[in-house]
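If you want it as structure tokens, here you go:
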């Protein structure tokens, strides 16, 4: 069985509705593109005017083509689209690509028209690409069903699913510059029907596609995307560029596609979880495509990076970039170093980076590069050369690549012979030393994901909270701290020891039971930001201090209130675990280091529920503050397993209680390394 | 008076020592380059073999050229260089460019040879470029005294001072791709004599140079660089790329130039102080050069960025990048928006970004762009266009640039007509939307520096500390906390109230005087990391707790010790002020937020002493945690003036006491918003 969207990528027959005689019109461009690219199937221009266009007979109506058309391309004014789509379905077409604009991206009329399209789509079996898109291109079937009249002809293994038409143009310009090629390009426009996910699923099974690229403004079906992307990433590198990461970006995205872009932090976590590599910017995106196009299957066997150069400056820049990207540049073994020493000029460097200098005897390149590539600690190799165009330099790396199977990437300038040999041998070249390094980082990130401990998704049986059910019946949706902790207790999450007191006498009793020091908090419905208002008194050490604390709270709050007396947990370390319903991905879970700094540096990581043990561990280790959890300068090492457990339990809580909108354990502190939830908030 | 290094950039006569008949030899390349570029002065090849090379008479020795040579180019084996240099000086040459390698970058012999060169240099008046360099290129005087045989011919206004030869090659490749040009290129090699600073000073006065670019591995004369760069930056944009930022980079730099690269954080502060724009990576470096080459003098009158596009995706990417770079993309005024609304298609966007869409009536471009550029909140404009090659699009921006004088930068792809019109009109084009945005950020950074409150450098009269003098006599170099604070007091820096006690009785007396709660610290010579060893007990609230604290310290330390009883200052906020002697820049000063997070995210800023009031303020506001100092979620606003004062006083302390190696006020806490130094350490 071939992939299920073959009627889009390799249709047996195509009708072009809106084909035009006027070369200025897009309807002409579209038909001309199909002919020029050499599409081999049946091609039927459709235009009420009839006659001939580009020597092809023009049909006045789709109805004349009953049963003959597999795919309909629609390039007509928006108002006429629903009617034509209806006809397309009725003559038995399997798919339609709606290139016309004026739908979901256009308030009022456009949104209505997109609604009409959705209705037709639901009623019939026809599948739709677009509307408001640039079309489909497929190199293997000579199909250029797009408005782009200049797509680089080189065959390649990248397939690009783009929510932006313009990014298609940028991609074509970039791949031409970089000398790489694509297999398929799909502009998905407003995703009225087919989404990123549908195409990922198709491309996973497409033999010509080795690398899947995504340009994302908005994911419409987050949960499904997670599933198909995770499956695809097992077999093929999946690279994504997400825009609409910031308020200004979201405003821009909203205006032109009607997309509501999600929080970038959530996307980052979700994509990492699914094995999708998320590019930092346009250059990084195209760099990753260049890289994986060269090495779709080859992974570095080790983490260390070897740098071989004849040019000093760019090699220093590459070394800096390695360190800044978290890649190690290990010093070579003593035996390798002394053998290299005998091959390079005296003022060369043998440690890694290995600087062979422009004065290197060209006969020694092969042996020197071989020695470095053989080094056990190294998994990928960066070759740098500015202006010394010796063929043996190229050959050395090509041989080593073949012999050791360690990916080689390069930064070479003004060396035409080396460039062309590298290109023939499939060694990718990057525009800057930093790009070459970031490409290596991409290889390592993919390797890390593929080799991660698999773990199974946590499949606790759904266990709705009884307390939540009771509260819902009472119409309570915002749970106070104490009640929230009682729900958490149902799921086995330990809170600080505490009790509610009406007065000093009760408070003193509770404090005695818990043991001093204690924390005294105001307890009254609807009081938020207790700390800021003087409603939290920490480190109360004695009955005398307790009395004082209660007096102080009384003077700060003149509404009726009680007192929450709580075990005082010392130590600077605080973490947060939270969860909520994301409009893109559904139930998501968050981990972060606590305190004011977290907010400042956004030191949090997200995943989409359900999660595996491995995911939960990774959430913790993803944070910048992770090293504080491993024992650091007077902060004792904490029980990470216990923390992982809490994260998994919160995931369970979220999946078991669809009525739970938000949960926040903030802060969780540590007593003898064990996590204790000090404050919590649930919203139903 | 012309600049003082004219004998290098426009020499009246040149001798080429090591000129060779063999086209494979660099000595041939050098001579050939000079001839090919059309050098107009006298040219004397020198080679003991004599005869003719490239139709020029060859002199057997420099001594034949007594009084005739202004500049000597030396391209011979390292061992022969000192002799030739001696001869060059003796025949009256003003300068020598030593292109040969095998000096400071080569352990042993090379280092010795460089020493010999330095000696000659000191004895005679001859000035030296290199050794181990690629030479000098000057477009205005048709001088190609380098090994590069393919320098792009386009005249330009950038002059590039490069510590890396290879980065010259990269620069030439980049400027060719970007269609920009250079005025001068200097490869400074090992800087045996002339340094970055010398050339900056020269180029400041060079009429052809409008932009000064630096590739830095190591600054040899930090204090002087600060002075000349600050002066130059007042008149011309100065852009730098610093490599050797990380341990791996430093290792690479060390091996190939013998450079000891300094800490990047110090460089960042120093360059910001001097008004030098520091590039983040190679692409950013060349982007900044592209930008300033187009707009050496034009600064955005406002901070807001306007984005005008016909392409959705790249516009969203640009908007994201703006926000991530800290640039504002303000929404346009309502009146402008409604006028724009009437000019763009209904599904366009009028807020900013302004999306004119591909369906825009080309006749409306001029009016629409004019409206946006006229908007008062905007200071710079980004033009985006993928694939819609309408001349009126280009004309609209060109007109607006001329009318409003607000810099316009562009990201355009596949639009040859627009590209060429932009290029003619001097509107720079960038490779990605993100690059265009980062370029705008560069303009704003330069504007901010030029418009900063000037302030005068703090010129307190030097006031050596009497206590330091006494301690030095006693041979004490590491001052304990208490003594350190006494030195600080001499300079008017307030420490926490405290006293030293031999036993409980004295401690109780001091505590009573200070007032509870207090901090009890172990006090004994040579005890470091007191906290980690249980030598600090915080928040001691009563005589009973004091007795307990003393007992606890006694059990943790069995060496003879006393007790430091200190006022307890509450509040989470901690900051650090420090200073030390940097090998590159001399006395430097540091400010940072305190606590473990600072170390994690390196939230510190540096400046080179002496500093101005404005510098001190900027040091504070440079930190990520700055907003905590402005009143933030329960942290009261602190007295920033007081903090600035402390920074200035520490600068004074450092400049007044050359024997002071290091000073650390860590932490400084706040009592009613006023800074109090809680712990301090001075090292002499």
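Protein chains in written order, with the numbering used here: chain G, 1 to 684; chain W, 685 to 1368.
Think of the CB as a built atom: it goes at the ideal place given N, C-alpha and C, for glycine as much as any other residue.
In this text the structure is predicted, and so the values were computed from the model without any measurement.
Item                                                                                                                              : Value
Exposure of residue 1343 of chain W, with buried meaning 16 or more beta-carbon neighbours within 10 Å                            : exposed
Residue 677 of chain G burial status per 10 Å Cβ neighbour count (16 or more: buried)                                             : buried
For residue 777 of chain W and residue 751 of chain W, the rounded distance between their alpha carbons                           : 7 Å
Segments of 3+ residues assigned as beta strand (DSSP E) that fall wholly inside the segment 208-242 of chain G                   : 211-216, 238-242
Cβ-Cβ distance between residue 888 of chain W and residue 919 of chain W below 8 Å                                                : yes
8 Å contact criterion, which residue 1327 of chain W and residue 1262 of chain W should meet: CB distance rounded                 : Their Cβ separation, rounded to whole angstroms, is 14 Å, which puts residue 1327 of chain W and residue 1262 of chain W out of contact at 8 Å.
Any non-hydrogen atom of the ligand ZN within 7 Å of residue 1056 of chain W CB                                                   : Ligands are entirely absent from the displayed structure, and the ligand ZN is therefore not among its contents.
Contact the segment 394-405 of chain G vs the segment 370-380 of chain G: 3+ CB pairs below 8 Å                                   : yes
Beta-carbon neighbours of residue 854 of chain W, restricted to chain G and to distances below 7 Å                                : 314, 386, 413
N-terminal and C-terminal residue of the alpha helix (DSSP H) that residue 783 of chain W is part of                              : No alpha helix (DSSP H) contains residue 783 of chain W, which DSSP labels as neither H nor E.
CB contact below 8 Å: residue 145 of chain G versus chain W                                                                       : no
Other residues of its chain near residue 10 of chain G: CB distance less than 6 Å, five sequence neighbours each side excluded    : 141
DSSP-derived helix/strand/coil call for residue 592 of chain G                                                                    : strand
Where residue 395 of chain G sits in the DSSP three-state scheme                                                                  : helix
Reference residue 206 of chain G; option with closest CA among G/182, G/498, G/217                                                : G/182
Spatial neighbours of residue 650 of chain W in its chain, beta-carbon cut-off 8 Å, leaving aside the 5 residues before and after : In this structure chain W extends from 685 to 1368, so residue 650 of chain W is not present and cannot be described.
The segment 470-488 of chain G in contact with the segment 334-353 of chain G per 3-pair CB rule at 8 Å                           : no
Chain-ordered chain W contacts of residue 215 of chain G [CB-CB under 8 Å]                                                        : 997
Contact with chain W by residue 368 of chain G, beta-carbon distance below 8 Å                                                    : no
Candidates W/775, W/1363, W/949, W/1233: closest to residue 698 of chain W by CA position                                         : W/775
Neighbourhood of residue 232 of chain G by C-beta, 8 Å cutoff - its chain only, sequence neighbours within 5 removed              : 200, 201, 203, 204, 212, 238
Beta-carbon proximity of residue 535 of chain G to residue 548 of chain G, cut-off 8 Å                                            : no
Near-chain W residues of the segment 232-256 of chain G - C-beta to any C-beta below 7 Å                                          : 243, 244, 245, 246, 247, 248, 249, 251, 252, 253, 255, 256
Cβ-based burial, residue 18 of chain G [other Cβ within 10 Å; buried from 16]                                                     : buried
Closer than 8 Å to chain W by CB, residue 18 of chain G                                                                           : no
Pair within 8 Å by beta-carbon distance, residue 1247 of chain W and residue 1260 of chain W                                      : no
Partner residues on chain G for residue 1077 of chain W, Cβ-Cβ distance less than 8 Å                                             : Simply none; closest approach about 14 Å.
CB contact below 8 Å: residue 736 of chain W versus chain G                                                                       : no
Residues within the segment 335-350 of chain G neighbouring chain W, beta-carbon criterion of under 9 Å                           : 345, 346, 347, 348, 349, 350
Residue 759 of chain W versus residue 767 of chain W - alpha carbon distance                                                      : 13 Å
Stretch pair the segment 97-104 of chain G + the segment 34-48 of chain G: three plus CB contacts closer than 8 Å                 : no
Per-residue burial, residue 1019 of chain W [other beta carbons within 10 Å of its own, 16 or more giving buried]                 : exposed
Partners in chain W for residue 359 of chain G, counting only beta-carbon separations shorter than 8 Å                            : 785
Under 9 Å (Cβ pairs) to chain W, residues found in the segment 416-447 of chain G                                                 : 431, 432, 433, 434, 435
Residue 668 of chain G and residue 675 of chain G closer than 8 Å at C-beta                                                       : yes
Cβ pair count under 8 Å reaching 3, the segment 408-416 of chain G against the segment 429-438 of chain G                         : yes
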